[in-house]
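Peer 1:
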Amino acid sequence: MALLDVLDLPQLYTKPSAETLLDTLSLLTSAPPSWEPSDHEDQSDGERTPDRRRIARSRAPPINPEGVTRYLTNIVSSSLRWIPEEEMKEEIWIQASARLSERAGRTGMGALSRTFRIPSPNGQFELSIHEPALTGDDLGLKTWAASYMLAKRLHRFDFLRPEGNSKLSVLELGSGTGLVGLAMAALGADVVLTDLPSIYTNLARNARDNSDVIRQGKGSARCGVLDWTEPSICRLLPEGSDVNDEGCPLNTKFPVILAADSLYSPEHPRWLVHTVSEWLSPDPEAKVIVEFPLRDAYLPEVKDFRERMAGIGLQIVKEGEERGYDDWGSANQDDSDAGLVRCWWSCWGRKSA
Ligand SMILES: C[S@@+](CC[C@H](N)C(=O)[O-])C[C@H]1O[C@@H](n2cnc3c(N)ncnc32)[C@H](O)[C@@H]1O
0 MALLDVLDLP QLYTKPSAET LLDTLSLLTS APPSWEPSDH EDQSDGERTP DRRRIARSRA
60 PPINPEGVTR YLTNIVSSSL RWIPEEEMKE EIWIQASARL SERAGRTGMG ALSRTFRIPS
120 PNGQFELSIH EPALTGDDLG LKTWAASYML AKRLHRFDFL RPEGNSKLSV LELGSGTGLV
180 GLAMAALGAD VVLTDLPSIY TNLARNARDN SDVIRQGKGS ARCGVLDWTE PSICRLLPEG
240 SDVNDEGCPL NTKFPVILAA DSLYSPEHPR WLVHTVSEWL SPDPEAKVIV EFPLRDAYLP
300 EVKDFRERMA GIGLQIVKEG EERGYDDWGS ANQDDSDAGL VRCWWSCWGR KSA
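Quick note on numbering: the sequence shown equals residues 0 to 352 in numbering that gives the first Met the number 0.
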């Protein structure tokens, strides 16, 4: 499809109407490329994009990013004096500023909630995932490509659908915003989602926000704190708890463990595999399913992980590669491959004796 040029957009000297400007600003939304068009009905905290604008965006040709930043800056600094309604002017400035922030990359954006569509054996369901404004190094406050790919893959594993009324117990390590664990819960499993204390509050919020879809799927989601550096301790926190509450210790093993995008420091393979060996049930049918991005800098970690998993008596049952996007992975919105990541997924089972 041909690219629209910034000069094709309504120029301020022509005094475009408020409606026209808002429609144009909606076309300039930088949505994460990993979500299909129908998936990126993104909304800033509490504020849904009006249908009219979503429709305009879905029909619009892509826009050449060159000059867009200057176009937006001009709008932000214009008095818009030909527009009579103060609230319309305010909305235009807000939208233009939001488009500028998006161009600064995910870290430049405020909090947001997004809807993810996840396939299931009966069709699909939607999960609403909140990401707080990013602070410091807390990578678990953002949803990563590997987790979206894995969440969409879960329904393909037959053993994740036990027969009859039996329920599968699943532990997720390093849940982050919870997309994988919550998808598993909405597919009918009893899931414990875990992460570091700094991630817990948002994780618990996402579990709460999706309780209806999880209930409809006949699963459950509980959240807790499990630090891989203390792999034998998991503190389950009942709904409504503060992260500093004592909670209750978890003391069951799990027939299925999940993890996505958890290898990005040299210690991670050792810690993660140690944690897996601590919590995986001795059942010969127990499984571990992981998905990691194959970022060049962390390929040694992936190799180390594979060797350590073999070292605790596990072997790959199935594996594959796929491509996804770490949304807003780069501040360079002009690069259509920004954020593109190759991901490796693998399902591990016990080696036969
Ligand atoms: C890159 S994020 C991935 C989050 C989520 N799985 C996803 O893919 O969207 C890595 C996650 O591992 C968690 N993590 C890192 N070190 C950890 C540790 N020592 N114990 C538990 N979780 C840890 C982080 O807090 C973060 O949530």
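Where a beta carbon is used, it is the ideal one built from N, C-alpha and C, also for glycine.
1. Could you tell me whether the Cβ atoms of His267 and Glu318 are closer together than 7 Å?
2. Could you tell me the distance, in whole angstroms, from the CA atom of Ser96 to the CA atom of Asp22?
3. Can you grab the Cα-Cα spacing for the pair Asp226 / Ser219, in whole Å?
4. Okay, do the segment 138-150 and the segment 167-176 touch, 3+ Cβ pairs below 8 Å being the bar?
5. Grab the span of the alpha helix (DSSP H) containing His267 for me, first residue to last.
6. Can you tell which of Leu195, Gly312, Leu153 has its C-alpha closest to the C-alpha of Leu279?
7. In this structure, what does DSSP give as the bridge partners for Leu257?
8. Applying the criterion that 16 or more other CB atoms from any shown protein chain within 10 Å of the CB defines a buried residue, is Leu262 buried or exposed?
9. Can you give the Cα-Cα distance for Gly45 and Pro283, rounded to whole angstroms?
10. When DSSP labels each residue in this structure, what does Leu262 get in the three-state scheme?
11. Evaluate Gln94 with the Cβ neighbour count: other Cβ atoms within 10 Å of its Cβ, from every protein chain shown; 16 or more gives buried, anything less gives exposed.
12. Where do the ends of the alpha helix (DSSP H) carrying Ser165 lie?
13. On a CA-only basis, which of Lys166, Val75, Asn201 is nearest Asp137? Give me that one, please.
14. Taking Trp92 as part of the beta strand (DSSP E), name the residues at either end of that continuous run.
15. Thr193 and Gly223 - do their beta-carbons sit closer together than 7 Å?
16. Just to confirm my understanding: we take Ala150, look at its own chain, exclude 5 residues before and 5 after, and list those with CB closer than 6 Å. What are they?
17. Identify which residue in Arg102, Ile288, Ser168 has its Cα closest to the Cα of Arg69.
18. Helix or strand or just coil, what does DSSP make of Tyr139?
19. Can you grab the Cα-Cα spacing for the pair Gly187 / Tyr12, in whole Å?
20. Below 7 Å between beta carbons: does that hold for Glu290 and Met148?
21. Restricting to runs no shorter than 3 residues, where is the beta strand (DSSP E) found entirely within the segment 179-221?
22. Quick one: what does DSSP say Ile74 is sitting in, helix, strand or coil?
23. When the Cα of Gln215 is compared with those of Cys233, Ala185, Arg234, which residue comes out closest?
24. Taking the CB atoms as reference points, tell me whether Ser127 and Ser112 lie closer together than 7 Å.
25. To the nearest angstrom, how far is it from the Cα of Arg58 to the Cα of Ser16?
26. Would you tell me roughly how many angstroms separate the C-alpha atoms of Ala208 and Trp81, rounded to the nearest one?
27. Name the DSSP beta bridge partners of Gln10, please?
28. What are the boundary residues of the alpha helix (DSSP H) that Pro118 is part of?
29. Can you tell me whether Arg56 is helix, strand or coil according to DSSP?
30. Just to check my reading of the structure: Glu171 and Leu257 have Cβ atoms closer than 8 Å, yes? What is that Cβ distance to the nearest angstrom?
31. Give the single residue among Pro254, Asp325, Asp7, Ser119 whose Cα lies nearest to the Cα of Lys217.
32. According to DSSP, Ser25 sits in a beta bridge with which residue or residues?
33. Would the beta-carbon of Ser168 fall within 7 Å of that of Asp189?
34. Out of curiosity, what's the CA-to-CA distance linking Trp343 and Leu20?
Peer 2: Reading off the structure:
1. no
2. 15 Å
3. 22 Å
4. yes
5. 267-278
6. Gly312
7. Glu171, Ile288
8. buried
9. Caution applies to Gly45, whose pLDDT of 32 falls short of 50 and renders its modelled position unreliable; the value that the coordinates give is listed next. Each residue's Cα considered, the two are about 47 Å apart.
10. coil
11. buried
12. Segment: none, Ser165 is in no alpha helix (DSSP H) and carries neither H nor E.
13. Asn201
14. Where Trp92 is concerned, there is no enclosing beta strand (DSSP E), although the alpha helix (DSSP H) it sits in stretches over 85-101.
15. yes
16. Ile117, Leu178, Val179, Ala182
17. Arg102
18. Contrary to the premise, residue 139 reads as Gly rather than Tyr in this sequence. Three-state DSSP puts Gly139 in a helix.
19. 57 Å
20. yes
21. 189-194
22. helix
23. Ala185
24. yes
25. In this predicted model, Arg58 has a pLDDT of only 49, less than 50, meaning its place in the structure is not dependable; the value taken from the coordinates is given anyway. C-alpha separation (whole angstroms): 20 Å.
26. At residue 208 the sequence reads Asp, which differs from the Ala that was named. Asp208 and Trp81: Cα-Cα distance of roughly 42 Å.
27. Paired residue(s): none; Gln10 is not in a bridge.
28. Pro118 -> not in any alpha helix (DSSP H); beta strand (DSSP E) instead, spanning 111-119.
29. Interpretation of Arg56 is limited by its pLDDT of 44, a score under 50 that renders its predicted location unreliable; the figure taken from the coordinates is listed afterwards. Three-state DSSP puts Arg56 in a helix.
30. 5 Å
31. Ser119
32. Answer by DSSP bridge pairing: none, since Ser25 is not bridged.
33. yes
34. 43 Å
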